[in-house]
Amino acid sequence: MSGPVNTVELYYEERGQGLPVVLLHGFPFDHTIWQAQQGALSSSARVITPDLRGHGQSPATEGDYTMDLLASDVLALLDRLDVPRAVWVGHSMGGYILMAALRLAPERITGVGLVATHPLADSAEKRIQRRESAELAMENGSADTAFSMMSQIFAPDVDGTSPLAQSVYDIMVNTSPSAIAGALRGMALRPDSTETLRELSVPAVIVAGAEDKIVEPDTARAMATLISGVQLVEVENAGHMPMIEQPDVTTQALSSLIRMVSVQER
Ligand code: MLT
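The working numbering numbers the first residue of the sequence shown as 1 and each following residue consecutively.
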């Protein structure tokens, strides 16, 4: 990234000791989506769960939230915590941020968890759609985005009126319109990360919901062919939110990543 980067101080939670692991939520969620994994993984690792810029309790700014900018916020947080190297796990947009970090500071990443994400850039049509949705969020607030995401993120068996589904809706509707618009415009600007993943030389795990409508299983399988030695975990009865829909399977996959990195770091 050229020129100065204006990072913001991210809100975060931290639990456990040992190998640092940072869990990045997707759009437009917050760190609480990782609650189950944070609890389980913190018995063997130092688990750091930030809220990305403008999400959860982190400050929002105006302008485009490029993936480089969001990755720089996370790198600045890890500097603040004196964590030079960590396992990075990214959910969806969190995965796009992880891939940006792999270009910005590969030496700081000891292992990679890609959850319901993919390396492809947006099509021209998708970019236009994102910019239109960004304008609508600025005009009408966050509810439209939250409402339309609700129809896409869960596997069909998840009851959309359950307390769990309601809590995810609440997270989305509480994300500021500036953050929704900034992240949508930022995602539209992201480059293709295929080569970034092809060059990966640290342990990696992919977690893919078998019923994900946003990142379909075929896309996850194609991503797996790019990464040598990757472990692909397809999660039955999960859509775009495997960490919430099937928390134990997701935790097991991430535990396996932590074990692989621990062996390599010895
Ligand atoms: C996410 O969950 O982060 C988003 O659905 C990603 C996207 O819109 O590409």
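Yeah, the Cβ is synthetic: ideal placement off N, Cα and C, and Gly gets one too.
Handout entry: Euclidean distance between Cα positions of threonine 175 and leucine 52
Key = 11 Å
Problem - heavy atom of ligand 1 below 7 Å from methionine 93 C-beta - result: yes
Exercise for the section: Note down the Cα distance separating leucine 184 from glycine 16, rounded to an integer number of angstroms. Expected result: 33 Å
Practice task
Out of Ile214, Pro177, Leu69, His55, point me to the one whose CA is closest to lysine 126's CA.
Solution key: Ile214
Exercise for the section: Look up histidine 91 in the DSSP assignment and give the residues it is bridged to. Expected result: Val115
Practice task
For valine 271, count neighbouring C-beta atoms within 10 Å of its own C-beta (all shown protein chains included) and say buried if the count is 16 or more, exposed if not.
Solution key: What is shown of the chain runs 1 to 266, which leaves residue 271 out entirely.
Problem - alanine 45 - DSSP class collapsed to helix/strand/coil - result: strand
Problem - Exposed unless 16 or more other CB atoms sit within 10 angstroms - verdict on arginine 130 - result: buried
Practice task
Use the C-beta contact count for aspartate 82: other C-beta atoms within 10 angstroms, 16 or more gives buried, fewer gives exposed.
Solution key: exposed
Exercise for the section: Identify every run of the alpha helix (DSSP H) within the segment 93-168, keeping only runs that are complete inside it and at least 4 residues long; order them along the chain. Expected result: 93-104, 124-140, 143-153
Problem - Residue closest to leucine 77, alpha-carbon to alpha-carbon, out of Ala40, Leu24, Pro28 - result: Leu24
Handout entry: Neighbour-count burial assignment, glutamate 132, 16 or more Cβ in a 10 Å radius
Key = exposed
Handout entry: Contact under 8 Å by Cβ, methionine 260 with proline 203
Key = yes
Exercise for the section: To the nearest angstrom, report how far apart proline 84 and valine 158 are at their CA atoms. Expected result: 39 Å
Exercise for the section: Would you identify the three-state DSSP class for arginine 53, choosing helix, strand or coil? Expected result: coil
Practice task
Out of Glu234, Val115, Thr110, point me to the one whose CA is closest to glycine 94's CA.
Solution key: Val115
Exercise for the section: Could you pull out every residue in the same chain whose Cβ sits closer than 6 Å to the Cβ of alanine 179, ignoring the five residues on either side in sequence? Expected result: Gly54, His55, Ala60
Problem - Given 8 Å, three or more beta-carbon pairs between the segment 245-260 and the segment 26-41 - result: yes
Practice task
Measure from the alpha carbon of proline 242 to the alpha carbon of each residue in Thr145, Met99, Ser142, Gly90, then state which is nearest.
Solution key: Gly90
Exercise for the section: Would you check if the segment 223-240 and the segment 188-206 touch, i.e. whether three or more CB-CB distances between them fall below 8 Å? Expected result: yes
Practice task
Assign proline 20 to one of three DSSP states: helix, strand, or coil.
Solution key: strand
Practice task
Please find out if some non-hydrogen atom of ligand 1 comes closer than 7 Å to the beta-carbon of isoleucine 258.
Solution key: no
Practice task
State buried or exposed for phenylalanine 147, treating a residue as buried only when at least 16 other CB atoms are found within 10 Å of its CB.
Solution key: exposed
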